[in-house]
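Visitor:
Numbering (mature numbering (1 follows the signal peptide of the UniProt record, and there is no 0)), first residue to last: -20 to -1, 1 to 78.
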C-alpha cells in the first residue's frame, strides 16, 4: 500500500513538472510589455540582426527594426518555425515588395 502511494505521488509530480515546462508565450508577452514600451531604449536594439536582415531581404520586404522583446515573443510563439529573416518579416507583418 505504501509503495502504491509513493508511486502515485511520483507520477503526479512528474506530470506537474512536464506541464510546467510547456511554452507560455502569453506570460512572456505580458512580461515584455514594459520592454516594448521602451522600444527607443538602445538596450533593446538588435542592430546586427536588423542590419543583416535588411540587407538580405531588401528586394522582397521593407524591413523595419525588430526589437529584442518582439523577437523573443516571435520565437516563443513560433518555436516550430525557423526564424530566418524571411519568416521574421512575414510574422511581424512587414510590407512585401511586389
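Idealized CB from N, CA, C, for every residue including glycine.
1. Can you look up residue 31 in the DSSP assignment and give me helix, strand or coil?
2. Since residue 40 contacts residue 7 with CB under 8 Å, what's their CB separation in whole angstroms?
3. Taking DSSP's pairing of strands, which residues face residue 41 in a bridge?
4. Looking only at its own chain, which residues have a Cβ that is under 6 Å from the Cβ of residue 30, when we skip the five neighbours before and after it?
5. For residue 57 and residue -20, I'd like the C-alpha separation in whole angstroms.
Guide: According to the structure data:
1. helix
2. About 33 Å; that fails the 8 Å criterion.
3. 76
4. 45
5. 44 Å
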